[in-house]
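Presented below is the structure to which this report refers.
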Amino acid sequence: MSQQIYINGEYFSKDDAKISVYDHGLLYGDGVFEGMRIYGGRVFRLHEHLVRLWESAASIGLQIPTPLEQLTLDVNQCVATNGLDEGYIRLLVTRGSGALGLDPFRCSNPQVIIIVDKITLYPEELYEHGLELVTASTIRNHPAALSPRVKSLNYLNNILAKMEGLKAGCVEALMLNHKGEVAECTGDNVFIVKAGRLLTPPIDAGILEGITRNAVLELAREAGIETIETTMTRHDLFIADECFLTGSAAEVIPAVRLDGRNIGDGKPGPITMQLNEAYRELVRS
Ligand code: PMP
Numbered sequence: 062m063s064q065q066i067y068i069n070g071e072y073f074s075k076d077d078a079k080i081s082v083y084d085h086g087l088l089y090g091d092g093v094f095e096g097m098r099i100y101g102g103r104v105f106r107l108h109e110h111l112v113r114l115w116e117s118a119a120s121i122g123l124q125i126p127t128p129l130e131q132l133t134l135d136v137n138q139c140v141a142t143n144g145l146d147e148g149y150i151r152l153l154v155t156r157g158s159g160a161l162g163l164d165p166f167r168c169s170n171p172q173v174i175i176i177v178d179k180i181t182l183y184p185e186e187l188y189e190h191g192l193e194l195v196t197a198s199t200i201r202n203h204p205a206a207l208s209p210r211v212k213s214l215n216y217l218n219n220i221l222a223k224m225e226g227l228k229a230g231c232v233e234a235l236m237l238n239h240k241g242e243v244a245e246c247t248g249d250n251v252f253i254v255k256a257g258r259l260l261t262p263p264i265d266a267g268i269l270e271g272i273t274r275n276a277v278l279e280l281a282r283e284a285g286i287e288t289i290e291t292t293m294t295r296h297d298l299f300i301a302d303e304c305f306l307t308g309s310a311a312e313v314i315p316a317v318r319l320d321g322r323n324i325g326d327g328k329p330g331p332i333t334m335q336l337n338e339a340y341r342e343l344v345r346s
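For the sequence shown, our numbering gives the first residue as 62, with consecutive numbering after it.
Laid out in structure tokens, this is it:
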């Protein structure tokens, strides 16, 4: 059967899955989303993703029309309908269609969309040898402008930084916050290892609270590795023993160079590899 896309409780083929050009999700990026993984036919940390979706929506004053319990069932049903054992889910909720002006209160019928598809991963050799980062000159959204905790449909901030990374030959780019501190990457959270301890920027550095980030922090604690959420600068990455990124798509991927300098010895480190293994075990358990 061809791919089936869910829109407001109904299924459509890819070519017939359409929403209004008056939807504020399209006109203004007014809406929220989640990206999730399917492992062995099951959605990893579905509840955590849905809670984050609800929090993103609450933050922008968007009422999700489907109750959380129902949407849980609907996501699982959509995965089953598409029959993918391994894959990626894009779940989005738009503000709905309104007038051409900004006024969100004139929008009706928010669209709840679930796309289940195959996943495009970073090349395997980047997991073996590590990836290279550049620091983007585009800083992460100021939390007082649009909180990076909101996973909104307006991803231009990250797209502009991603463009800088790609133009420099890097698949990811490091983003700093308005204070010049390390925030995260364009679609991944960042960690370093220093003297056997695991460090990552705190939520109030202006980052998305990654589901993978939280899982990796748990795995590290279980393995007896001390974890610290602390402010860091690029200097901390330059002098780190190891560095890696986390994300639902990326999982745990080593980063071995930043702005032309090696991090540690320029090779994936042992704690990175240990957590990469532990994460791969967790998602399949
Ligand atoms: N930061 C940003 C900006 C993201 O878009 C994402 C998700 N792609 C992440 C971090 C990682 O979050 P998660 O582990 O929940 O996928």
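Think of the CB as a built atom: it goes at the ideal place given N, C-alpha and C, for glycine as much as any other residue.
What you are looking at is a predicted structure, and each value in this text was computed from that prediction instead of being measured.
### Message
Between Ser158, Glu116, Tyr188, which has its C-alpha nearest Pro329's C-alpha?
### Response
Tyr188
### Task
Label Arg113 either buried or exposed according to how many other C-beta atoms from any shown protein chain fall within 10 Å of its C-beta, with 16 as the threshold for buried.
buried
### Message
Can you tell me whether Ser198 is buried or exposed? The criterion is at least 16 other CB atoms within 10 Å of its CB, across all chains shown.
### Response
exposed
#### Entry: the stretch 240-247 in contact with the stretch 289-300 per 3-pair CB rule at 8 Å
yes
### Query
Can you tell me the Cα-Cα spacing of Leu280 and His110, whole angstroms?
A straight-line Cα-Cα distance of about 18 Å links Leu280 and His110.
#### Entry: Rounded C-alpha distance that separates Ala301 from Glu312
20 Å
### Query
Would Val226 be called buried (16 or more neighbouring beta carbons within 10 Å of its own) or exposed?
It is Gly, not Val, that sits at residue 226 in the sequence shown. Buried, by the Cβ-count rule.
### Task
Report the rounded CA-to-CA distance for Phe105 versus Gly327, giving the unit in angstroms.
31 Å
### Query
With respect to the alpha helix (DSSP H) encompassing Asp135, which residues constitute its N-terminal and C-terminal limits?
129-143
### Query
So does Leu269 have its beta carbon nearer than 6 Å to some heavy atom of the ligand PMP?
yes
### Query
How long is the line joining the alpha carbons of Gly148 and Ser309, rounded to whole angstroms?
11 Å
### Message
On the DSSP bridge list, what partners appear for Lys179?
### Response
None; Lys179 has no bridge partner.
### Task
State yes or no: is the C-beta of Thr261 nearer than 6 Å to some heavy atom of the ligand PMP?
no
### Task
Assign Gly157 to buried or exposed, taking buried as 16 or more other Cβ atoms, counted over all protein chains shown, within 10 Å of its Cβ.
buried
### Task
May I ask you to check if the CB of Asp249 is nearer than 6 Å to at least one heavy atom of the ligand PMP?
For the ligand PMP, at least one heavy atom lies less than 6 Å from the Cβ of Asp249.
### Message
By DSSP's criteria, Ser74 is part of a beta bridge. Which residues make up the other side?
### Response
Gln65
### Task
Quick one: measure Cβ to Cβ for Gly162 and Pro209, integer angstroms, because I've assumed they're closer than 8 Å.
Between Pro209 and Gly162 the Cβ distance is about 27 Å, and since that is not below 8 Å, they are no contact.
### Message
If you follow the alpha helix (DSSP H) that Ala222 is in, where does it begin and where does it stop?
### Response
217-228
#### Entry: As assigned by DSSP and simplified to three states, the class of Asn323
strand
### Query
What do you reckon, is the C-beta of Glu116 under 6 Å from a heavy atom of the ligand PMP?
Distances between the C-beta of Glu116 and the heavy atoms of the ligand PMP are all 6 Å or more.
#### Entry: Beta-carbon proximity list for Tyr67, same chain, < 6 Å, skipping 5 on both sides
Excluding positions up to five away in sequence, the list reads Cys139, Ile175.
### Query
Lys228: which of Val254, Leu237, Thr196 sits nearest, CA to CA?
Residue Thr196 holds the alpha-carbon nearest to the alpha-carbon of Lys228 among Val254, Leu237, Thr196.
### Query
Going by DSSP, what residues sit across from Val195 in a beta bridge?
Ala234
### Query
Count the other CB atoms within 10 Å of the CB of Thr273; is the residue buried (16 or more) or exposed (fewer)?
buried
### Message
Give me, in chain order, the residues of the same chain whose beta-carbon lies closer than 7 Å to that of Leu306; leave out the 5 immediate sequence neighbours on both sides.
### Response
Glu233, Cys246, Asp249, Asn250, Val251, Ile314, Ala316
### Task
Name the two residues that bound the continuous alpha helix (DSSP H) containing Ile334.
Inspection of the sequence shows that residue 334 is occupied by Met rather than by Ile. Start and end: 331-344.
### Task
State the beta-bridge partners of Glu312 as determined by DSSP.
Gly308
### Query
Between which two residues does the beta strand (DSSP E) harbouring Thr261 extend?
258-261
### Query
Would DSSP call Ser169 helix, strand or coil?
strand
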